[in-house]
Each structure stands twice: as C-alpha cells, then as structure tokens.
Amino acid sequence: MDAVRRRAWWVVVSALLAAVCAGVLAPVAFSALSTGGAVATDTEAMRARRQAERLGVPSPDLLLAVSQRTGAARPGDGERGAAVRDGTTAITAKLAGQRDVKTVWSAQTTGDPWLRSEDGRTLLVAVRLKGTDKERKQVAPGVVAAARSAAPGMRVEPSGEVWANREIDETIERDLSRAELLAAPVLFVVLVFAYGSVVSVLLPVVVAALAIGCTIPVLGLLAQVADVSRVAVNAASAIGFGLAVDYSLFVLARVREETSRGADLHTALAAARRSSGRSVAFSAAAVTVCLATALVVPVPMLRALSLAGMIVTVLAALVALTVLPACLRLLGPRAQAEDPLARWRRARTGDGSRFWHRTASAVTARPLLAGGLAVLLLALLALPFTRAQLGIVDERTLPSSAPAAAAAERVRAEFTAPPERLLNVVVTGPRATDGAPAYGDRLARVPGITGVRVVRVDPSGEALVLLAATSAAPGTQEADTVVGEVRRTPAPGSVVVGGRAAETVDTADAVLGALPWCLSLLAVGLLALLGAFTRSLVAPLKALIVAAASLGASLGALVVLFQDGHGGAVLGHFTATGTLDASTLLFVLFIALALSVDYEVFLLGRIREEYDRCGDNRTSIIEGVARTGRLMTSAAAAVAMSTAAMATSDVALLKFIGIGVALGALVDAVLVRGVLVPATMAALGPANWWAPARIRTPLLITTPVKEDGS
Numbered sequence: 001m002d003a004v005r006r007r008a009w010w011v012v013v014s015a016l017l018a019a020v021c022a023g024v025l026a027p028v029a030f031s032a033l034s035t036g037g038a039v040a041t042d043t044e045a046m047r048a049r050r051q052a053e054r055l056g057v058p059s060p061d062l063l064l065a066v067s068q069r070t071g072a073a074r075p076g077d078g079e080r081g082a083a084v085r086d087g088t089t090a091i092t093a094k095l096a097g098q099r100d101v102k103t104v105w106s107a108q109t110t111g112d113p114w115l116r117s118e119d120g121r122t123l124l125v126a127v128r129l130k131g132t133d134k135e136r137k138q139v140a141p142g143v144v145a146a147a148r149s150a151a152p153g154m155r156v157e158p159s160g161e162v163w164a165n166r167e168i169d170e171t172i173e174r175d176l177s178r179a180e181l182l183a184a185p186v187l188f189v190v191l192v193f194a195y196g197s198v199v200s201v202l203l204p205v206v207v208a209a210l211a212i213g214c215t216i217p218v219l220g221l222l223a224q225v226a227d228v229s230r231v232a233v234n235a236a237s238a239i240g241f242g243l244a245v246d247y248s249l250f251v252l253a254r255v256r257e258e259t260s261r262g263a264d265l266h267t268a269l270a271a272a273r274r275s276s277g278r279s280v281a282f283s284a285a286a287v288t289v290c291l292a293t294a295l296v297v298p299v300p301m302l303r304a305l306s307l308a309g310m311i312v313t314v315l316a317a318l319v320a321l322t323v324l325p326a327c328l329r330l331l332g333p334r335a336q337a338e339d340p341l342a343r344w345r346r347a348r349t350g351d352g353s354r355f356w357h358r359t360a361s362a363v364t365a366r367p368l369l370a371g372g373l374a375v376l377l378l379a380l381l382a383l384p385f386t387r388a389q390l391g392i393v394d395e396r397t398l399p400s401s402a403p404a405a406a407a408a409e410r411v412r413a414e415f416t417a418p419p420e421r422l423l424n425v426v427v428t429g430p431r432a433t434d435g436a437p438a439y440g441d442r443l444a445r446v447p448g449i450t451g452v453r454v455v456r457v458d459p460s461g462e463a464l465v466l467l468a469a470t471s472a473a474p475g476t477q478e479a480d481t482v483v484g485e486v487r488r489t490p491a492p493g494s495v496v497v498g499g500r501a502a503e504t505v506d507t508a509d510a511v512l513g514a515l516p517w518c519l520s521l522l523a524v525g526l527l528a529l530l531g532a533f534t535r536s537l538v539a540p541l542k543a544l545i546v547a548a549a550s551l552g553a554s555l556g557a558l559v560v561l562f563q564d565g566h567g568g569a570v571l572g573h574f575t576a577t578g579t580l581d582a583s584t585l586l587f588v589l590f591i592a593l594a595l596s597v598d599y600e601v602f603l604l605g606r607i608r609e610e611y612d613r614c615g616d617n618r619t620s621i622i623e624g625v626a627r628t629g630r631l632m633t634s635a636a637a638a639v640a641m642s643t644a645a646m647a648t649s650d651v652a653l654l655k656f657i658g659i660g661v662a663l664g665a666l667v668d669a670v671l672v673r674g675v676l677v678p679a680t681m682a683a684l685g686p687a688n689w690w691a692p693a694r695i696r697t698p699l700l701i702t703t704p705v706k707e708d709g710s
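Residue numbers (my numbering): 1 to 710.
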C-alpha cells in the first residue's frame, strides 16, 4: 500500500513539474505562433504571386487609405485633391526610407488610376513589408504610425492582410478570456451534476489544464520549423477540454460503479483500467487518426489545427490514465466528497439512467421506426450542406465596426478596382510581350472583367504582368467563373493567374482534391482501430455510416447559420460572406468526427462488455445505453458549453468553430447515440458482432487483481 502511494506521489509531483515548465515556456511559445495560413500552398495562385513579385509587382501587405480629416476646413475640390495628393506623396517618401518597408507605391508614383477613389478624394498607398508573416505583423503598427506622422493633416486608415490578421489576433485573445469567464459557472454546475462531487469536478480540470498547458510549448517548438497559427491554441483548448471531460468522466464513473458494489479503491481502479482505460486508449488513437488525415490537405492553418488536436489528444489520454488514478489514490474517499446535488440526485454516477433505459427499451422495441425517423431528421438537417460555398478567411471575420474591417469596406465601396478584386496575370515565353496587346484585349472581353492594365514588362521581353479588375467579390460563384475563364483565355506564352479570387478557388480545389485521400485514410484507420476494439467487422462499418449522418446534420446547420447569415439574430451580429472558410470547415468536420468516434468507442465498449456477459443483443444494448447515456450527454453538454461560449466572440471564425463543435457534440451524443445507434444495432441483431472465428475473442480480458490493484 505504501509503495502504491509513493508511486502516486511521484506521478503527481512529476505532473506539477511539467505544469511549471509549461507555464514558463508558454509566453515564448505564444510569441512564435503566427496568424494566417488559410491559403493553400503550391497552387497556381501562389506561383503567380511569387513570379509577379520577382518581376517587381508585389502583393501589398498594408493598404493605407489617405483622405481629408473629418471636421477639417472644407476647401474646394481642387484644393482638397491637392492636399490629399501632397499627403500621399509625403507618406510614400517617408515609408520608402523605413527599414521594415520593402517597397511602397501609390497613384503618385505609378500613375495607377485604380489607386484613386472614384471621387478623387481618397488615395491608396500600398506597402510591402520585409520579413516573415509574424515579423510583418509586429512592425505594421510602427509603419502606420510613421505614415500618420508624415501627413498629420490627413486621415490614414490601414487595412490589408497583415493589418487584419493583427487585429484578429488581438480580438481573439480578448474574446477567449471573456468566453472562459462566461462559461465557467455554467460548466461548474454541469460537471457537478455529472461527477456527483465538487472534489471530483476539479480532477477533469487538472487533466485539461495539464494537457492544454503542455501542448502550447510543443506548438511553439513546431513553429520554429513550420507555420503554426495562433488559432491552433484555441483548437487545442476546445479539444483538450472536451476529451479531458470525457476521459475523466468515464474513468471516474467506472471507479464509482465498482466501489458501489463493494470493491476497494485499488480493485476499482484496476477494473476501470481494464475497461474504461482501454476505451480511453482506443478513443485517443481513433481521434488522433481522424486529425492526422487532415495533414494531407496543403493548407497551413488546417495542418496547424490538426497538429494541435493530435498533441492535446495524446496528452489528455496520458494524463487521464496516469495523473487521474494517482490523484484518486491520494484522495481516497475524499474524491467523492461534497455533492451539493445529492438531495435531488436519483441515481449515483455510474449507475444506469432510468430515462436512457426507458429510451433504449422503446427504441430497440421498434428499431426500424425509431431509426427511420432519426435518419429522416438527420437528412433534413444535412440538406443545406449540398449548397455549401467554400472561401478563405479575411477581415470580414471581424465585426463591421472593427477598424480593419471598416477601412476595407470603405475601399470596396469607393474604389473602382479594390486590390482584393484584382487578378495578377503573369505571362512568360519568347513571344510574351509581342502578343501582349491582343492578349489584353481578349482578357477585357471576358465577362466579369471590368479593366485590364499591363503593369510590368520584363526587359528581356519574355515576361509581363497584367492586372485584371473583376466586378465580383472573391469567394462568389461569379468570381470563381471569372478566374476559370481568364485561365482558359489563349495567351502568348505560359500563364499563371493569382489574386484573392484565384487563391480562394485554388484553396477550395486543394481541399476538395485532398478530401478523397483524407476520407480513404480515415476509413481504413478507423475500421482497423474499431475492429480491434470491438472484435467485429460489422460494428465499425456501422459506426462510420452513423458518424457520417451525424456530421451531415451539423454541417448543414452551419451553412444556414453562417453562410446564409441566419444565425446573426441568435449569435450576435457578424458579416455573412456567403462562403465558409475551407480550412476551418474541414477542421470542424474532423473535430465533430473525432467526438463522434470518442462517444462511439465508449458506447460500443460498454455494449460489448454487456454482450460478453449476458449474450443477449437487445439486453446488452439497453444496459449499455442506460449505463453511458447520462454520462455521454453530460460530457457533451460540458463540451458544448465550453465551445459555444466562443460564440460570444466578435470574430466570426471563433463563432463558427465554437458552434460547429457544440452542435456536433450535442447531435451525436443525444440523437445519434441515444436513438440511431441502438436502433441500428437492434435491427442488425447478433450480426453486430460477426467476425472471422480467428479474431472472435472476448472484448475484456480478465486478469487476476493483485492486492495493490495492478
């Protein structure tokens, strides 16, 4: 007994040391993370961007809209225009001497009419900064301050990709802190209800804190060799908390169930390790497989989100299987102390739920009817997803009142050809410049093109860059069509087309192109894992089909709420762009699938355990649902509360992630696991557990329990 306690103390002390080290390294790790990475790499649009920059036509990082200050003296139009031109000239000259500025240009220096507003009262100064994405964000405020000091009588409004990403960073950090404060009291009540003890409520918090805290330094280390977005920390927090609650709840519930039967703590922990511990290990492996398949998609933000999810999943399982039992050993009976809801609690945690027992009995009595109604409802919810339109995140993820979003909207409204609606067309070849006039005429005749300008001709005569202005906003079907038509227009050489609209098209194509590989790898990995877990070939296939139905319902709801904008009244005002960010959508899909598999593992594990014990299919389903139903709905409610709090953010991207994960957890835990799964398993009967004779072994391997519980 003393040896067991000594080992428990060593585990807890080691965990505390790891937490301290993670806390010390966290600020350094945060500083290494970046924002952005929503655009797919190695695409035609990215090649066009690089080639155009080599030819002296860079894409701007900052856009400075220069105009007369509001409330200033109102000179005549000619004098006002001259003042703005003088201010623009001063800003351009000042920034050209800044060490952090790579190049700066304006209508004054290039004669570009598209850098002048339609009424001539506002001019744009475009700035390309030096350094990495992170370095450009850091120096951007200094560059803006220098611009304002160069023309103190002018109004200078910054926008552009770097400025928007910087503002998104600041808003996310502020909003996440607020969301955590709002969610904390509600989560406390949910967890007390689920765990049956105030002391026990602290244990999943410890598991989550250790898993998430140790994930951040690992992400910072990865950021030294790869582009890791700060949103990955938010992803790790959401996933880590959800899995910490799940893993801790099922281990604690099994320990309590065993002790209520008269077993001592060590025997109960050993039993929990053989049952719930095995489920935790398989669940972590399955969730990791789900997230690992997303690495196939060449979008840096999605890869960063997936890496964060994989790391925190492994750590959550490791902590739940080591630190949690150690804490239980040290706390002893005190782990179940202080239950403020004991007076109203009808059943102990770990006991079968009467509600879910009655529900499972009714569903399994008429499985075809119950399952059919569940499928019909899920299909209706999934229907809107058939019209999903993929895009990439930009400043419109901020509220319209945010400075970066307001400045960008003003540029869109006042300028004939806003920079975001320009296509960079790079032509290379021996006859590139000879055929430029005719090629420009052909581009001008493409529907949706409002103007074409040749902006750079290489001295060798073998390369040129054209800018084509479009009337459609990036991410719309019209813009996608224009990009396709421009790429198909005959050119006097090899041509690559870039620009915001082209990046959106290529990113969506990259995601959709990688999706079959993702799904194939996912299916193979999950079938292998679930097959090993259930010792069956039918149950894993059923699990994948049911998970797909659950995902469709959640994604359909997201289209209605965010793409169509109908969620504004409930979720707070946000700008509906008519698209869903491709990488974020895929990330939410994989997280929802991971949670679905997580719940499936625990439910199948308990049902199979009951089936090995009694041999009756329907009885095992009813008992399995009754034993896990309340636990899964409590866990799903905790996940939903923690992630749905992100909907209070002013950043639509966070709203989308929070609501997407919350919907996925609730739909799966209640409708799918409570109705569709038992109905399907009841209809299949003993076929659920069919497998070749050589792998048909009991799920649980019973081993003698030593006195120390090992």
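Each residue gets a CB set at the ideal place from its N, CA and C atoms; glycine is no exception. Note that the structure is predicted; figures quoted are calculated from it, not measured.
Item, Value
"Unbroken beta strand (DSSP E) run spanning Gln138, endpoints", "That residue, Gln138, is in no beta strand (DSSP E); its alpha helix (DSSP H) goes Asp133 to Ala150."
"Distance, Leu383 Cα to Gly578 Cα", "17 Å"
"Assigned exposure category for Trp690 - 16 Cβ within 10 Å defines buried", "exposed"
"contact_flag[the region 370 to 382, the region 546 to 554] where n(CB pairs < 8 Å) is 3 or more", "yes"
"Residue span of the alpha helix (DSSP H) that contains Lys655, given as start and end", "Ala652 to Leu666"
"Same chain, Cβ closer than 6 Å to Phe241, neighbours up to 5 away in sequence not counted", "Ala208 and Ser642"
"For Gly81, the three-state DSSP class (helix, strand or coil)", "helix"
"Exposure label - Thr110; buried when at least 16 CB within 10 Å", "exposed"
"Given 8 Å, three or more beta-carbon pairs between the region 639 to 658 and the region 366 to 376", "no"
"Cβ separation of Val127 and Leu176, assumed to be a contact under 8 Å, to the nearest whole Å", "That belief does not hold up - the Cβ atoms of Val127 and Leu176 are roughly 30 Å apart, past 8 Å."
"N-terminal and C-terminal residue of the beta strand (DSSP E) that Ser159 is part of", "Met154 to Ser159"
"Neighbour-count burial assignment, Gln477, 16 or more Cβ in a 10 Å radius", "exposed"
"Between the CA atoms of Gly685 and Glu167 - distance to the nearest angstrom", "56 Å"
"Residue of Gly484, Gly461 and Asp434 minimising C-alpha distance to Gly448", "Gly484"
"Thr349 versus Arg261 - alpha carbon distance", "Below a pLDDT of 50, predicted positions are generally treated as unreliable, and Thr349, at 47, falls in that range; the measurement from the model is reported next regardless. Approximately 13 Å, taken between the alpha carbons."
"In DSSP terms, what Ile607 is bridged to", "Note: Ile607 sits in no beta bridge, so no partner."
"Rounded separation between Ala502 and Asp480 - CA only", "7 Å"
"Local conformation of Arg412 per DSSP, three classes", "helix"
"Bridge partner(s) assigned by DSSP for Ala463", "Thr428"
"Residue nearest to Ala636 in terms of C-alpha spacing, selected from Ala665, Phe656 and Ala48", "Ala665"
"Integer-rounded CB distance, given that Leu443 should sit under 8 Å from Val455", "Going by Cβ atoms, the distance from Val455 to Leu443 rounds to 13 Å, so no, they are not a contact pair."
"C-beta atoms of Ile392 and Ala38 nearer than 7 Å", "yes"
"Local conformation of Lys94 per DSSP, three classes", "helix"
"Option nearest Val84 by Cα separation, candidates Leu222, Leu115 and Val667", "Leu115"
"Val714 classed as buried or exposed, judged by whether at least 16 other C-beta atoms fall within 10 angstroms", "Nothing in the structure corresponds to residue 714, since the chain is present only between 1 and 710."
"Cβ contact check for the region 656 to 663 and the region 199 to 208: 3 or more pairs under 8 Å", "no"
"Whole-Å CB distance - Ala215 paired with Ile91, under 8 Å assumed", "As written in the sequence, residue 215 is Thr, which differs from the Ala given in the question. Actually they are not in contact, since the Cβ atoms of Thr215 and Ile91 sit about 43 Å apart, beyond 8 Å."
"Paired residues, beta bridge with Val496 - DSSP", "Val426"
"Short Cβ contact (7 Å threshold) for Val323 with Ala211", "no"
"Inter-residue spacing [alpha-carbon to alpha-carbon] between Gln563 and Leu182", "26 Å"
"Nearest to Leu512 (by Cα), restricted to the options Ala18, Phe533 and Ser583", "Ser583"
"Alpha-carbon spacing of Ser117 relative to Glu170, whole angstroms", "30 Å"
"Endpoints, the beta strand (DSSP E) within which Arg456 is located", "Ile449 to Val457"
"Inter-residue spacing [alpha-carbon to alpha-carbon] between Leu712 and Leu522", "Missing from the structure shown is residue 712; the chain here goes from 1 to 710 and no further."
"Where Trp105 falls: helix, strand or coil (DSSP)", "strand"
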